[in-house]
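Below is one structure, written out as structure tokens, with a few remarks after it.
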Amino acid sequence: MRRVVCPGSFDPVTNGHVDVISRAANLHDEVIVAVLRNPNKSPLFTVEERVELLREATSKLPNVRVERFEGLIVDFCKANDITAIVKGLRAVTDFDYEMQMAQMNYNQAGVETLFVITNPLYAFLSSSLVKDFAKYGGDVSGLVPAAVLDRLTARLAER
Ligand code: PNS
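For the sequence shown, the numbering used here begins at 7 and goes up steadily by one.
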């Protein structure tokens, strides 16, 4: 059983995330999407909401499941019998940080990291940009799953 993890904050999940998750799912038996609950950050969506939105966005991918996690991703990997971490690389600007994190995770726990080069359609995309543009009336409808668009519009209207 080749089980891998796609970790992230997913605040909220974008079409770029879904692309990386579905490509990881094509290559492995099972993908766990691990949603980080970081007590030091104040996200727009709670971890429960982020998990729910991801479950909806990946509902057509039978070998994908979504869980939350806290602490180190390598500990989550050990606890769930995970072979490797799968991350998307959008551009060279992602590379330095991702390389350092991959080396640290390998050094600490022997956990490998595999990189998927982002589809150029989504190379510019990030959850932060989506939130910034949506906040000021930008059209992000082609950039996030439909359920996210509804929740994002509603959440921003409450603020
Ligand atoms: O979507 P993000 O915020 O870019 O995701 C970052 C994430 C969750 C993948 C990364 O911060 C992470 O793996 N955090 C878990 C804590 C951890 O293991 N840190 C040590 C990495 S060297």
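Quick reminder that beta carbons are idealized off the backbone N, C-alpha and C, glycines included. In this text the structure is predicted, and so the values were computed from the model without any measurement.
For E62, the enclosing alpha helix (DSSP H) starts and ends at V53 to A63. Setting aside the 5 residues that flank it on each side, G77 has no residue in the same chain whose C-beta is closer than 7 Å to its C-beta.
Relative to the ligand PNS, I79 has its C-beta within less than 7 Å of a heavy atom. For F130, the closest alpha carbon among the candidates I27, D81, T99 and A115 is that of T99. Taking a C-beta distance under 8 Å as the contact criterion, N86 and D25 do not qualify as a contact pair. Between L33 and the set R43, A90 and E73, the nearest pair of CA atoms involves A90. At the C-beta level, V37 and V57 stay beyond 8 Å of one another.
Here E36 carries a strand assignment [DSSP, helix/strand/coil]. With contacts defined as CB atoms closer than 8 Å, A31 and L67 qualify as a contacting pair.
Proximity to D17 across E164, S134, T159 and L95 peaks at S134, based on C-alpha coordinates. A160 sits exposed, since fewer than 16 C-beta atoms from the chains shown fall within 10 Å of its C-beta. In this structure V11 is in contact with A40, their Cβ atoms being roughly 5 Å apart against a cut-off of 8 Å. Shortest Cα-Cα distance from V53 to any of D35, A108, V150 and F75 involves F75. By the neighbour-count criterion, in which a residue is buried when 16 or more other Cβ atoms sit within 10 angstroms of its Cβ, I123 is exposed.
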